[in-house]
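Here's the structure, in structure tokens; my notes come after.
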Amino acid sequence: MELYQRRIAMLFPKPKKTVSTGEFVFPSEIKVSSSENIKNDVSLVFGNTVNEGNLIISFKENRSLGEVSPEAHKISLYEKNGCLFTDIEAFSRAGLMRALFSLKRMYIKNEFILGEITDWPSFSVRGYIEGFYGTPWKAHQRLEMLETMALFGENTHYYAPKDDPYHRNKWRELYPEEKAYELKGLVEKAKSLEISFYYCIAPGLSMCYSDEKDFWYLTEKTKQLFSMGIKNFGLLLDDIPADLFYENDRKIYKTAPKAHGELVNKYFSFLKSLSDDCCLTVCPTSYRGKGDESELTQFTLAVPGEVKVFFTGSDICSKEITEREAEFFTLSNKHKPLYWDNYPVNDAEMFMEMHMGPVIGREKGLYNYCDGIISNCMEYFNCNKIPLITVGAYLWNPEEYDPEEAFGEAVSFTLKKEEREAFVLLADHLRTACLHDENSRIMGEYLSRAAVLRQTGNFPEALSVLEEYTEKIKNAARELNSFSSEIFSELSRWIKKFTLMSEILGIALEVLKGADKKKLLAQKTEEYNESATVLTSFCFREYIESVLYDEN
Numbered sequence: 006m007e008l009y010q011r012r013i014a015m016l017f018p019k020p021k022k023t024v025s026t027g028e029f030v031f032p033s034e035i036k037v038s039s040s041e042n043i044k045n046d047v048s049l050v051f052g053n054t055v056n057e058g059n060l061i062i063s064f065k066e067n068r069s070l071g072e073v074s075p076e077a078h079k080i081s082l083y084e085k086n087g088c089l090f091t092d093i094e095a096f097s098r099a100g101l102m103r104a105l106f107s108l109k110r111m112y113i114k115n116e117f118i119l120g121e122i123t124d125w126p127s128f129s130v131r132g133y134i135e136g137f138y139g140t141p142w143k144a145h146q147r148l149e150m151l152e153t154m155a156l157f158g159e160n161t162h163y164y165a166p167k168d169d170p171y172h173r174n175k176w177r178e179l180y181p182e183e184k185a186y187e188l189k190g191l192v193e194k195a196k197s198l199e200i201s202f203y204y205c206i207a208p209g210l211s212m213c214y215s216d217e218k219d220f221w222y223l224t225e226k227t228k229q230l231f232s233m234g235i236k237n238f239g240l241l242l243d244d245i246p247a248d249l250f251y252e253n254d255r256k257i258y259k260t261a262p263k264a265h266g267e268l269v270n271k272y273f274s275f276l277k278s279l280s281d282d283c284c285l286t287v288c289p290t291s292y293r294g295k296g297d298e299s300e301l302t303q304f305t306l307a308v309p310g311e312v313k314v315f316f317t318g319s320d321i322c323s324k325e326i327t328e329r330e331a332e333f334f335t336l337s338n339k340h341k342p343l344y345w346d347n348y349p350v351n352d353a354e355m356f357m358e359m360h361m362g363p364v365i366g367r368e369k370g371l372y373n374y375c376d377g378i379i380s381n382c383m384e385y386f387n388c389n390k391i392p393l394i395t396v397g398a399y400l401w402n403p404e405e406y407d408p409e410e411a412f413g414e415a416v417s418f419t420l421k422k423e424e425r426e427a428f429v430l431l432a433d434h435l436r437t438a439c440l441h442d443e444n445s446r447i448m449g450e451y452l453s454r455a456a457v458l459r460q461t462g463n464f465p466e467a468l469s470v471l472e473e474y475t476e477k478i479k480n481a482a483r484e485l486n487s488f489s490s491e492i493f494s495e496l497s498r499w500i501k502k503f504t505l506m507s508e509i510l511g512i513a514l515e516v517l518k519g520a521d522k523k524k525l526l527a528q529k530t531e532e533y534n535e536s537a538t539v540l541t542s543f544c545f546r547e548y549i550e551s552v553l554y555d556e557n
């Protein structure tokens, strides 16, 4: 039986309301056509369209849906003469685009629900931030990620790569023409997908808050960005010294929270002078904890109510984010938290980990108490897709979110069919993260079963269990080393250790069968343990030690 199983419902994420009259699968090529009023949007989502297709999409405005959510929509699907007619209703273009992306997910799998689907998101702000330390993504990757996240229901992107010099270290300098052109293309792509694009600037490492020249630099940089079509901004004051380091700042403001609060007010007023449509999000220097820390509240209580405030939760990388924590933050700061969720990011001291598991530990009703969730990404572009797709599913409909179901859907979307089973065996060991998800669970099940059989004297059956798992791992290692998709290049460090693990499992099995290879097993295990790359959990070490030190 395949380890990779799609236990998913046909519609993913599960819509709020579905009245199904059946299912529909196209027996041959799907050709999309649409009514004239949405032809450009349909082409954007589906690619080339035809005048007379077999998937026919139409649209009409429904103002009442806007009372539920700006992104609410209704899709009616019915079959006639071998064609699938799809009538979409929505109040806004955002609702139309969410409906088209929902239809696109069915189109990709060629699995369509007949009947009516009425849907809207639970979280109003659902997004991701390129906010890691490490090599920034390439321009084409950023465009691809916008498309992927739009497909799975996200509506917000914060641009904040720590190692983009013009974002942080060279914040005073304008973008050169080539980089400005790339950024403008990203902004335009986001707009076409109904994704709110936020450009973040981080001046805190060198800005003198009392120096009008520095504020002028900030406004001139902002004017350049505004000219590209950017109206949403982030002012990031994270990961900087907690104390003021310019004498004049200390003299005028006394404390950093007071200086930061005045900066935010001045900057927000400037943004509103450019356009009343401008929005601002800020990240305080004190961005984690209970939510009532004095440095935090001094800052947030000085910040205008319209400005959103980033917060990471109880820790920098929070195991859980609860409704009670969010409510307490709001009471303490007079702002709802906008969670900067540091998952799946794996920078800093986590750089030897790879975070591939589904998001967990975020309560189902959290959307009632916060402004939204923005997930911080890894520099490993392709590896992000699997955890981020699970985040998208949670944010859209948390009450119906199933982590393993979402993981299966993400694997199905991201990988070729022939890559999936080997990947799942590798990813079994890539859940070590702040979320404290159970790592190596497939391995643990096999090894635990074998251990019980050995302890109860059923040695032949124990060997059979170990042979089955060892063979799966050895086959997976061979396949993983042969795959050419970019995600496997990004995973090369972990695949290398996984390959060594497969070799160790093979030697251990030979030892259990009587081979005199304990010395070789010990050498390979030492080599494995010397590698800092994080892979298996304790169950692997426990098993190998039981083989090495078994006197029988």
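When we follow the working numbering, the leftmost residue of the sequence shown carries the number 6, and every step to the right adds one. Note that CB positions come from ideal geometry on N, CA and C, so glycine has one too.
Own chain residues within Cβ distance below 6 Å of residue i, not counting five before or after
i, result
"LYS79", "GLU94 and THR123"
"ILE562", "With the chain running from 6 to 557 in the structure shown, residue 562 is simply not present."
"GLU328", "GLU368, GLY370, LEU371 and TYR374"
"PHE157", "ILE394 and GLY397"
"GLU473", "none"
"TYR180", "TYR171"
"LEU514", "LEU471 and THR475"
"PHE90", "ILE61 and TYR83"
Inter-residue Cα distance where the pair is residue i and residue j
i, j, result
"PHE51", "ASN45", "10 Å"
"SER38", "GLU450", "49 Å"
"GLU325", "ARG367", "6 Å"
"GLY27", "PHE106", "21 Å"
"GLN303", "ASN389", "35 Å"
"GLU66", "GLU410", "33 Å"
"PRO309", "LEU343", "15 Å"
"ARG131", "GLY239", "16 Å"
"ILE13", "GLY209", "Because the pLDDT of ILE13 is 35, which lies under 50, any placement of that residue in the model is unreliable, and the number read from its coordinates should be weighed accordingly. Going by the C-alpha atoms only, they are around 45 Å apart."
"GLU7", "LYS114", "In this prediction, GLU7 has a pLDDT of 40, which is less than 50 and means its spatial position is unreliable; what the coordinates show is noted afterwards. Between GLU7 and LYS114, the C-alpha separation is close to 19 Å."
"GLY120", "SER487", "44 Å"
"LEU452", "SER551", "11 Å"
"GLU217", "TYR164", "26 Å"
"GLU311", "THR286", "9 Å"
Chain-order list of residues whose beta-carbon lies under 7 Å from that of residue i (same chain, five-residue window excluded)
i, result
"PHE565", "Past the boundaries of the shown model lies residue 565; the chain is included only from 6 to 557, so the question cannot be answered."
"ALA261", "ALA247, ASP248, LEU249 and THR290"
"SER445", "ASP433, HIS434, THR541, SER542, CYS544 and PHE545"
"HIS441", "LYS324"
"ASN402", "PRO18, LYS19, LYS21 and SER127"
"LEU188", "TYR180 and MET233"
"ARG459", "ALA467"
Boundaries (first-last residue) of the beta strand (DSSP E) holding residue i
i, result
"LEU60", "60-66"
"CYS283", "From DSSP, CYS283 is part of no beta strand (DSSP E); its letter is neither H nor E."
"VAL364", "Counting along the chain, VAL364 falls outside any beta strand (DSSP E), and DSSP gives it neither H nor E."
"ILE122", "117-124"
"TYR163", "161-164"
Neighbourhood of residue i by C-beta distance below 8 Å, restricted to the same chain and skipping five residues each side
i, result
"THR140", "ASP168 and GLU384"
"CYS213", "ASP219, TYR251, ASN253 and ASP254"
"SER593", "In the structure as shown, the chain starts at 6 and stops at 557, and residue 593 therefore has no counterpart that could be examined."
"THR538", "MET357, ARG498, TRP499, LYS501 and LYS502"
For residue i, the first and last residue of its enclosing alpha helix (DSSP H)
i, result
"ARG131", "Premise fails: ARG131 lies in the beta strand (DSSP E), 130-135, not in any alpha helix (DSSP H)."
"LYS524", "523-535"
"THR26", "Where THR26 is concerned, there is no enclosing alpha helix (DSSP H), although the beta strand (DSSP E) it sits in stretches over 22-29."
"CYS546", "Looking at the sequence shown, residue 546 is not Cys but Arg. Here the alpha helix (DSSP H) through ARG546 covers 543-553."
"LYS167", "Segment: none, LYS167 is in no alpha helix (DSSP H) and carries neither H nor E."
"ASN253", "252-258"
"PHE356", "Premise fails: PHE356 is in no alpha helix (DSSP H) and is neither H nor E."
For residue i, three-class secondary structure by DSSP
i, result
"ASN56", "coil"
"GLU450", "helix"
"GLU84", "strand"
"ALA104", "helix"
"ALA513", "helix"
"GLY370", "coil"
"GLU94", "strand"
"ASN486", "coil"
"VAL287", "strand"
"ILE567", "One cannot answer for residue 567 here, as it falls past the ends of the chain, which runs 6 to 557."
"THR437", "coil"
"LYS114", "helix"
"LEU458", "helix"
"LEU89", "strand"
"LYS143", "coil"
Min CB distance residue i to chain B below 8 Å
i, result
"ILE206", "The structure shown contains no chain B; it holds only a single protein chain."
- What residue ranges within the segment 302-354 form continuous alpha helix (DSSP H) runs of no fewer than 4 residues, ordered along the chain? 328-338
- Where are the alpha helix (DSSP H) runs, 4 residues long or more, that stay fully inside the segment 170-247, in chain order? 182-197 and 217-232
- Task: Output the residue ranges of the beta strand (DSSP E) runs that lie fully inside the segment 372-430 and measure 3 residues or longer, sorted by chain position.
- Result: 377-381
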